[in-house]
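Read through the structure below, which is laid out as structure tokens, and then see the notes.
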Ligand SMILES: NC(=O)c1ccc[n+]([C@@H]2O[C@H](COP(=O)([O-])OP(=O)(O)OC[C@H]3O[C@@H](n4cnc5c(N)ncnc54)[C@H](OP(=O)(O)O)[C@@H]3O)[C@@H](O)[C@H]2O)c1
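In my numbering, the protein residues as written are 455 to 744.
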């Protein structure tokens with residue numbers, strides 16, 4: 455039987471806004487049972503209502519967790535595993551941009567923690583369920599901003615990364631977290647080969663969302679000025695939905711997509727040794743076996 459989302463269970467993180475919310479609408483519109491992860495109960499309820507209204511599918515559930523802590527990620531995985539059966543599609547999407555360096559309660563630089571370590575830990579905690587549910591897919595939302603990134607294994611917490619010109623440093627740190635998404639996908643795909651579970655990642659394009667608006671007036675002014683030139687969130691979700699739903703991608707594993715096409719990421723993002731080293735370092739940081 456060819457791949458269809460009808461009746462399958464999808465978990466979408468960061469589905470209370472922007473690209474994630476529109477991805478959830480798209481997947482629910484294809485007949486999936488969609489579980490959305492948010493961190494704020496009111497925003498999650500409002501997103502659920504919007505997803506049900508716009509998809510015409512009321513099989514939408516919410517789970518709550520803050521991904522800036524490893525405990526939050528573990529809480530979400532436990533809640534999913536205890537309340538839901540199969541998992542056919544995991545969309546790692548929740549993300550942030552911080553203009554200034556912030557540190558999480560676990561002592562990690564916040565962009566690296568939310569954008570990479572949460573993707574990594576959540577996927578690892580749900581991996582057995584994904585394998586049991588095969589065919590299944592992991593879709594991670596990366597970015598072409600990965601081309602600005604520079605993954606320094608001796609400075610994963612960006613103690614030096616924010617140095618230099620402020621906006622440039624922040625873009626480099628964000629880009630590095632998105633480079634980590636692609637390297638994670640590459641190593642995950644290698645490990646999943648032959649299991650019936652695939653791992654791919656996407657660049658949604660430049661999209662007018664709430665991304666960056668947590669950075670005070672500067673963040674709101676910059677995002678407000680760029681807004682007219684950017685895609686709508688629904689357009690930005692198209693590639694995530696495509697990679698999750700397209701039957702013809704059933705055997706595509708470890709690829710990077712933009713505008714619904716495979717694209718070659720940067721040479722750093724194709725470095726298998728770097729992907730393996732990041733996997734090992736991430737395993738140590740989150741406290742699981744590599
Ligand atoms: N927008 C772009 O141009 C663009 C381009 C390339 C890649 N991306 C990527 O697309 C993804 C989605 O971003 P977006 O543009 O849709 O931004 P957005 O509108 O700000 O949505 C981000 C989502 O992530 C959630 N989130 C943020 N921090 C979280 C935390 N600590 N714990 C749990 N959830 C958290 C947010 O929850 P709240 O609703 O509670 O804030 C929201 O649901 C990100 O991975 C981003 O890097 C975006």
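All residues carry an ideal CB built from backbone N, CA and C; glycine is no exception.
Item	Value
Check whether residue 666 and residue 673 have beta carbons under 8 Å apart	yes
Endpoints, beta strand (DSSP E) assigned at residue 628	No beta strand (DSSP E) contains residue 628, which is instead part of the alpha helix (DSSP H) from 620 to 646.
Assumed close pair residue 521, residue 489 - CB separation to whole angstroms, cut-off 8 Å	Going by Cβ atoms, the distance from residue 521 to residue 489 rounds to 15 Å, so no, they are not a contact pair.
Selected residue, minimal CA-CA separation from residue 646, among 663, 690, 582, 616	582
Within 8 Å, strictly: CB atoms of residue 499 and residue 524	no
Beta-carbon gap between residue 729 and residue 641 smaller than 8 Å	yes
Beta strand (DSSP E) runs contained entirely in the region 690 to 738, provided each spans 3 or more residues	710 to 712
Cβ neighbour criterion (16 or more within 10 Å) applied to residue 675	exposed
Endpoints, alpha helix (DSSP H) assigned at residue 525	524 to 537
Near ligand 1: residue 663 beta-carbon under 7 Å from a heavy atom	yes
Three-way DSSP call (helix, strand, coil) for residue 456 in this model	coil
Check: residue 471 C-beta below 7 Å from any heavy atom of ligand 1	yes
Inter-stretch contact at 8 Å, needing at least 3 Cβ pairs: the region 503 to 511 / the region 534 to 544	no
beta-carbon residue 632 near ligand 1 non-hydrogen atom, thresh 7 Å	yes
Helix, strand or coil at residue 551 [DSSP, three-state]	coil
Reference residue 635; option with closest CA among 713, 507, 725	725
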